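Chains as they are written, first to last, in the working numbering: chain Z, 1 to 430; chain C, 1 to 430.
Glycine included, C-beta positions come from ideal geometry on N, C-alpha and C.
Source: prediction; values computed, not measured.
Working notes for the structure below.
Spelled out as structure tokens, the structure:
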């Protein structure tokens, strides 16, 4: 019998309790011992009672949990970066092992927590903090640990992926698709963290730290959300054989780490293009294994519970067979980070220009002067006497693109940069 | 320093040696110790010399390896089910841990090996035996171990997937696509094991044993290969919005296990449809996590080496931190297996019939009498005065389909069952 405590009483905690009960028999057979939830920490006891806990199991503060030597594993499902941090530290100091789903905490205060865990020889598992139930952390740190990674590319936010899927599938505007997402529970009342790309940025920072063995921060991630995407962009992309996805990318550039979250054109035949609705995926390129993709539900009570309980079972195996603390933090490299200007990619650009002589020449020259080679250029008239220029560049440095666009914005014949996205940044190996 | 020995000197062994050298520094940093190949067992010393080994490292028999207590891990890359079996047993009895890539051995003699490993508290890792470098075994046994699985669906053979991809992409006949595959090294001179579905069947038997915690055998897997697939089937599928893939499926049917390998219609929008060329993928449905897909290169020297060395590193962690034998065989259930007749699916049927009155009625009646409901039926004339009938059924039991087709083959107006495949068997959850 292995006693655990759960901190928190929300959706994920509810899923974890349900899963431990539902699959109790198989879980016990697989690890060789029963798992018992000895305590649950709840701000309001009624929530814990609603989950079926009795008064002797319900705590309103962490004291009894820290003090009880029988409690081996503490599952932190409170969220937030202050009380959760203090609670985890108290538990680690008391010799307990930690399983958490707390992405914000790992992204922002991971270093301190991993150091404290290592000091106490404790496990600190966080599979559930990125990608819900999809096995991501364990494959990166274990199955694939013989590889050097050159790039990881993710669709890591279910809200934005749902919105973009609906815009593409049903021709909805961004606002209508967001409203639908909120209605169906795929977006929150305040969707900012999702639609601005912040959620995805936190996740890619965590994954990049693992993939590149270097601690990197949220502030190192260039970030653009989906709020400026037009359904006309999506329709254009489809005609060209692409879909638009909000990609979270961490890539090695000359030994340094470049990270960004931004909408991008993905070829329809690429596996990432078929990742739809609220599904997530991580595409990884390792020097031995080549391209790998891990796909599944990135959020939700039961998928997240699957990751949490999977981690609890792993800690149980360590307790039973020995090996606690075997998977520590491996940020031994101190790679520098570089900014978005260093990104090398093809780009898709849509400009609104005056429909008169020499505009095309002027635009082409602005790119040429920056060394940006154009792969295709289409001009179409717009009803109001202006014209739209759609360009695809050959691979070029972002800095060169931005310089060219800045130059063009000075011209009186360019009224607007409608769209500027990277294209084929998720190129499959040959 | 952890000493290992490699048995075998072929493509995978070459990849393993190369990878251990190439990523030596990162591997050592990640596990905290160096890995040294102390011995290599080679039938001809020249092959080992070509890989850079010196005479004192090259063995022609397993004696020195078994006898040396410093050797902690033995990597079996010989293949085959006799000498490899004996070698592994000798090493396990001598207290060594095993990493293997030997699918045939695990599929056919796995039970004995796992029992012997458990008896000696030894690790027996086999990630590389299924799906090359794709993390599959570890996610199923660890990350996802809180789940009960209802179904696993794989594209597990790169040769056949390459052939089917080329037939679809380039309109090649089966024979031409096979020849191309052989030319490019994606198919062997004798491709039988691949194109008859045997390779995929072995793999799904291994995965089903894990997913359903029940030892199942190759002989329990219903098997159809790709040799009868027509490029006209593929073109028809495309027009209907499908692709044809050789699927390896293990599914729970009323508590029992049903397994098959057969060509099937997969909806173009399904993630499995975008698994092309020699890539493999495994689609898993777990009761907590929902749908997960793991995708990557299922074969090749370096991808397979990635899985082998990943396992070696895992055993090293166990040696260093404690925990050897932590991941044993978990076949605690003794589920029965059922045959293909119990499969419930939609089906695609193509019949060649005489073009005369009452044929359509007769065909419809044959299905109706078996309780098979038709979703769509298209009749088209063929140049020679016959007609082709293309039917899609609603979900029905395979037994009913086979009964209906057997009945129809008795009729003088039915000359041929051109095609009979399941359709939408890889249905995504809503």
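### Task
Between the Cα of residue 332/C and those of 1/Z, 4/Z, 27/Z, 10/Z, spot the shortest distance and give me the residue it belongs to.
27/Z
### Task
Please report how far the alpha carbon of residue 140/Z lies from the alpha carbon of residue 285/Z, in whole angstroms.
11 Å
### Task
Would you please state the rounded distance, in angstroms, between the beta carbons of residue 177/C and residue 163/C? I believe it to be under 8 Å.
4 Å
### Query
How is residue 430/Z classed by DSSP in three states: helix, strand or coil?
In this predicted model, residue 430/Z has a pLDDT of only 41, less than 50, meaning its place in the structure is not dependable; the value taken from the coordinates is given anyway. In the structure shown, residue 430/Z sits in coil (DSSP, three-state: anything other than H, G, I, E or B).
### Message
For a test of the three-state rule: what should DSSP assign to residue 318/Z, helix, strand or coil?
### Response
helix
### Query
Sorted by chain position, which residues of the same chain lie with C-beta nearer than 7 Å to residue 385/C's C-beta, five sequence neighbours on each side aside?
355
### Query
Can the beta-carbon of residue 130/Z be found less than 8 Å from the beta-carbon of residue 160/Z?
no
### Query
Would you say residue 485/C faces chain Z, with C-beta separation under 8 Å as the test?
The shown model of chain C, from 1 to 430, leaves out residue 485/C, and the question about it has no answer.
### Message
Using a Cβ-Cβ distance cut-off of 8 Å, determine whether residue 246/Z contacts chain C.
### Response
no
#### Entry: Candidates 50/C, 56/C, 115/C, 279/C: closest to residue 166/C by CA position
279/C
#### Entry: Proximal residues, the stretch 127-151 of chain C versus chain Z, C-beta separation under 7 Å
127, 133, 134, 135, 138, 139, 142, 143, 144, 145, 146, 147, 148
### Message
Out of 298/C, 414/C, 404/C, which one is the CA nearest neighbour of residue 441/C?
### Response
Nothing about residue 441/C can be read from this structure; chain C reaches only from 1 to 430.
### Classification of residue 21/Z by the beta-carbon crowding that lies within 10 angstroms, buried from 16 upward
exposed
### Message
For residue 381/Z and residue 389/Z, I'd like the C-alpha separation in whole angstroms.
### Response
9 Å
### Simplified DSSP assignment, three categories, for residue 342/C
helix
### Query
For residue 111/C, which residues from the same chain have a beta carbon less than 7 Å from its beta carbon, with the 5 sequence-adjacent residues on both sides left out?
215
### Query
What are the residues that DSSP puts in a beta bridge with residue 420/Z?
349/Z
### Query
Which residue spans inside the stretch 223-270 of chain C form an unbroken alpha helix (DSSP H) run of at least 4?
231-239
### Query
Quick one: does residue 330/Z have its CB under 8 Å from some CB of chain C?
yes
### Task
Would you kindly work out how many angstroms separate the C-alpha atoms of residue 393/Z and residue 271/Z, rounded to a whole number?
23 Å
### Message
As a quick exercise: from 326/C, 371/C, 87/C, pick the residue whose alpha carbon is nearest that of residue 66/C.
### Response
87/C
### Query
Is residue 142/C near the ligand SAH, judged by its Cβ being under 7 Å from some heavy atom?
Because no ligand of any kind appears in the structure shown, any question about the ligand SAH cannot be addressed here.
### Message
Let me check understanding here. Comparing Cα to Cα, which of 98/Z, 180/Z, 200/Z lies closest to residue 225/Z?
### Response
200/Z
### Query
For residue 304/Z, is the classification buried or exposed, using 16 other Cβ atoms within 10 angstroms of its Cβ as the cut-off for buried?
buried
### Query
Applying the criterion that 16 or more other CB atoms from any shown protein chain within 10 Å of the CB defines a buried residue, is residue 337/Z buried or exposed?
buried
### Query
Is the shortest distance between the beta-carbon of residue 234/C and the beta-carbons of chain Z less than 8 Å?
no
### Query
Just curious, the alpha helix (DSSP H) that residue 12/Z is in, first and last residue?
11-22
### Query
Does any C-beta atom of chain C lie closer than 8 Å to the C-beta of residue 256/Z?
no
### Query
Which parts of the stretch 164-226 of chain Z are runs of the beta strand (DSSP E), unbroken and 3 residues or longer, counting only runs that do not cross its ends?
221-223
### Message
Determine, for residue 306/Z, whether the minimum Cβ-Cβ distance to residues of chain C falls below 8 Å.
### Response
yes
### Query
What does residue 381/C reach in chain Z if we use C-beta pairs closer than 7 Å?
Here the premise fails: no neighbours, minimum Cβ distance about 35 Å.
### Query
Alpha carbon to alpha carbon, how far is residue 430/C from residue 379/C?
With a pLDDT of 41 at residue 430/C, under the threshold of 50, the predicted position of this residue should be treated as unreliable, though the coordinate-derived value follows. Spanning the two alpha carbons is a distance of roughly 32 Å.
### Task
State the CB to CB distance for the pair residue 168/C and residue 71/C, rounded to an integer number of angstroms; the pair is presumed to be in contact (CB under 8 Å).
Not confirmed; about 48 Å, so no contact.
### Task
Just the chain C side, please: which residues come within less than 9 Å of residue 517/Z by C-beta, in chain order?
Since the first residue shown for chain Z is 1 and the last is 430, residue 517/Z is missing from the structure and cannot be characterised.
### Query
Taking residue 422/Z as the reference, which of 2/Z, 247/Z, 76/Z, 198/Z has the closest Cα?
247/Z
#### Entry: Secondary structure of residue 132/C, DSSP reduced to three states
coil
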